[in-house]
Amino acid sequence: MTSDRARVLIEERLGAPAGGSAGALSVTVPVERWVELAELAKGPLGCLYLSFSTAIDWKEQGLEVVARVENLDANFSLTMKTKLPPGEPRCPSLASIWRGANWMERECYDMFGIRFDGHPDLRRILLPQDWEGHPLLKSYAVDTPHPPYR
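Just so we're on the same page, my numbering is the position in the sequence shown counted from 1, plus 1.
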């Protein structure tokens, strides 16, 4: 599998344009097609390595989940993105596709409040269970007291 063939396959199967350079593709899909993109990436595209999964708070534009997967044999990467609808952020879990997504999604839940549907153990991983709020949201009040931490 080459990155050029991967680009064509993504555009054929998902109808989403795959941008980026020859060795580093990028594609944005609606949240409803998130798992479909992941299955395509791991299966036909051969991206067996999940490098990272995280989120970005774009404030007015809302939250975006970003994951980078790699085909180490063919030497190309795919950055997968999906924008979450406003309100209570939800996204399908990728933990059943890449086991490494488990803790990364827990971190996104902890820091951004994103609920990953189908996640096997969605609970805080960095902060205490009684912590209020999600610190990496732009709406999080920085001066919120959290004894004994502040």
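We put the beta carbon where it would ideally sit given N, CA and C, even for glycine. Note that the coordinates shown come from a computational prediction; the quantities given were computed from them, not determined experimentally.
| query | result |
| --- | --- |
| So what's K43 in DSSP terms, helix, strand or just coil? | helix |
| Does any residue of chain C have a CB that is nearer than 9 Å to the CB of V67? | No chain C is present in this structure, which holds just one protein chain. |
| Based on Cα-Cα distance, which residue from C109, P90 and D122 lies nearest to S97? | D122 |
| Whole angstroms is fine: what's the gap from L51's alpha carbon to P45's? | 15 Å |
| Suppose you measure from the CA of T3 to the CA of W132; what does that come to, to the nearest Å? | 45 Å |
| Thinking just about the alpha-carbon of each residue, which of S54, R14 and P87 is nearest to the one in C109? | S54 |
| Between which two residues does the alpha helix (DSSP H) containing A19 stretch? | Taken as a continuous stretch (DSSP letters only), A19 belongs to no alpha helix (DSSP H), as it is neither H nor E. |
| Compare the C-alpha of I57 against each of L10, M112, V36 and E71 and name the closest. | M112 |
| Count the other C-beta atoms from every protein chain shown that fall within 10 angstroms of the C-beta of P129, then say buried if there are 16 or more, exposed otherwise. | exposed |
| Beta-carbon separation of P87 and V32 under 9 Å? | no |
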